[in-house]
């Protein structure tokens, strides 16, 4: 059995008659048939073959195959963005009257799905606190179908005990879905801890260079068949070009994420002792409240560091305005380091009380630590804090 890094590079579709070394682009919307019987049998699903790129394409198929292998999944589907993957996964599996039990610490757009859109279809939700998992079982109702969580969370890099969630889901015959975007399949494989489905925004570490949008869901084949059939009709599929870009990027995922984690830990250790910082969170800092759980389920801490600048909103604004090298952006997982103010960007649609529930203060800063030299990243953060 080859190692992760080898599979990421050597897992590819069969070469064409041209025997190309690098996988070619299949920029086609549709595929032709040999004759009427071939066309009939293909649409009747009596044979596996490409019909239309909204259904499948060699480039997206290769991307899915790689991620399934990385995550230990049976099947998957590639989407045009991470949120397309989140929405389509829920929409394919939920019926009117169903209930979702979700961690409170989730991405702002996912929160909007639960609070603004799903209620229109009579789909309800309840949030549980990730630092009080003992209460989860009390929140399960006869209508509960899915348990959902991110780990590490966005933006506070809190860590959820995946094994515990997996045991609860199994006990009550619920579907466990984990957003694994902050870790990447290189650092963490939630299926090993009981997850049924794993979601990624491929826009982040999978691409790793801020070039294209992508999303993917992988996991149990029976569940994925429902997601595939929903997505085949509704059309949120990943484009062949973006699939080709991300599939190539996966070849360097391990070496890139190793550097991200090395730089992020150095920055977190620097911030931990800084007199202008109230607190700092990074999964592989010993001061992180879930450090032992992070060590159990992750290979390293990831690329995101969260901290709070002393002085509240005014000090936070001054910090962001003083950044010189790093980018002010709302993306993450890029080769370039990025600083984000969650309260005014990614989680700005949440009320003040809702942000407080997830630990997002006016002074909270999220740093997606890139691949620059660690000393240059720290120097820019240091001068901005001063």
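Residue numbers (the numbering used here): 813 to 1198. From the three backbone atoms N, C-alpha and C, an ideal C-beta is built for every residue, glycine too.
How about residue i and residue j: do their beta carbons lie closer than 8 Å?
{"i": "residue 1180", "j": "residue 1156", "result": "no"}
{"i": "residue 1092", "j": "residue 1058", "result": "no"}
{"i": "residue 865", "j": "residue 840", "result": "yes"}
{"i": "residue 893", "j": "residue 1039", "result": "no"}
{"i": "residue 1007", "j": "residue 1114", "result": "no"}
{"i": "residue 942", "j": "residue 970", "result": "yes"}
{"i": "residue 1004", "j": "residue 965", "result": "no"}
{"i": "residue 1097", "j": "residue 1084", "result": "yes"}
{"i": "residue 1128", "j": "residue 1177", "result": "yes"}
{"i": "residue 1033", "j": "residue 990", "result": "no"}
{"i": "residue 1123", "j": "residue 1175", "result": "yes"}
{"i": "residue 1234", "j": "residue 1079", "result": "Examination of residue 1234 is not possible in this model, given that the chain is present from 813 through 1198 alone."}
{"i": "residue 822", "j": "residue 814", "result": "yes"}
Rounded to whole angstroms, what is the Cα-Cα separation between residue i and residue j?
{"i": "residue 1185", "j": "residue 1016", "result": "20 Å"}
{"i": "residue 847", "j": "residue 1037", "result": "28 Å"}
{"i": "residue 938", "j": "residue 974", "result": "18 Å"}
{"i": "residue 891", "j": "residue 1046", "result": "11 Å"}
{"i": "residue 980", "j": "residue 852", "result": "45 Å"}
{"i": "residue 1000", "j": "residue 1010", "result": "11 Å"}
{"i": "residue 1071", "j": "residue 1168", "result": "32 Å"}
{"i": "residue 1061", "j": "residue 1044", "result": "25 Å"}
{"i": "residue 844", "j": "residue 850", "result": "10 Å"}
{"i": "residue 896", "j": "residue 1027", "result": "7 Å"}
{"i": "residue 984", "j": "residue 954", "result": "10 Å"}
To which residues does DSSP link residue i through a beta bridge?
{"i": "residue 832", "result": "Answer is none; residue 832 lacks a bridge partner."}
{"i": "residue 940", "result": "915"}
{"i": "residue 978", "result": "Paired residue(s): none; residue 978 is not in a bridge."}
{"i": "residue 1150", "result": "1139, 1180"}
{"i": "residue 844", "result": "Paired residues: none, contrary to the question."}
{"i": "residue 1030", "result": "888, 1010"}
{"i": "residue 1089", "result": "1121"}
{"i": "residue 1116", "result": "1180"}
{"i": "residue 1049", "result": "891"}
Looking at the structure shown, is residue i part of a helix, part of a strand, or coil, going by DSSP?
{"i": "residue 952", "result": "coil"}
{"i": "residue 1176", "result": "strand"}
{"i": "residue 973", "result": "coil"}
{"i": "residue 1040", "result": "helix"}
{"i": "residue 825", "result": "coil"}
{"i": "residue 893", "result": "coil"}
{"i": "residue 962", "result": "strand"}
{"i": "residue 1121", "result": "strand"}
{"i": "residue 1019", "result": "coil"}
{"i": "residue 864", "result": "strand"}
{"i": "residue 1080", "result": "helix"}
{"i": "residue 983", "result": "helix"}
{"i": "residue 945", "result": "helix"}
{"i": "residue 988", "result": "strand"}
{"i": "residue 859", "result": "coil"}
{"i": "residue 957", "result": "strand"}
{"i": "residue 1024", "result": "coil"}
{"i": "residue 1192", "result": "helix"}
{"i": "residue 925", "result": "helix"}
{"i": "residue 818", "result": "helix"}
{"i": "residue 1096", "result": "coil"}
{"i": "residue 1132", "result": "helix"}
{"i": "residue 838", "result": "coil"}
{"i": "residue 1102", "result": "coil"}
For residue i, tell me which candidate among the options has the shortest Cα-Cα distance.
{"i": "residue 835", "options": "844, 856, 1072, 874", "result": "874"}
{"i": "residue 1018", "options": "1006, 1043, 992, 1041", "result": "992"}
{"i": "residue 842", "options": "924, 831, 929, 861", "result": "861"}
{"i": "residue 825", "options": "872, 903, 849", "result": "872"}
{"i": "residue 1109", "options": "963, 1142, 1044", "result": "963"}
{"i": "residue 1103", "options": "1120, 1127, 1077, 1086", "result": "1077"}
{"i": "residue 959", "options": "1142, 1086, 1013, 910", "result": "910"}
{"i": "residue 1153", "options": "1147, 1166, 1121", "result": "1121"}
{"i": "residue 902", "options": "882, 933, 878", "result": "933"}
{"i": "residue 1111", "options": "997, 1042, 1170, 1143", "result": "997"}
{"i": "residue 957", "options": "936, 976, 940, 929", "result": "936"}
{"i": "residue 820", "options": "1107, 859, 905, 1068", "result": "1068"}
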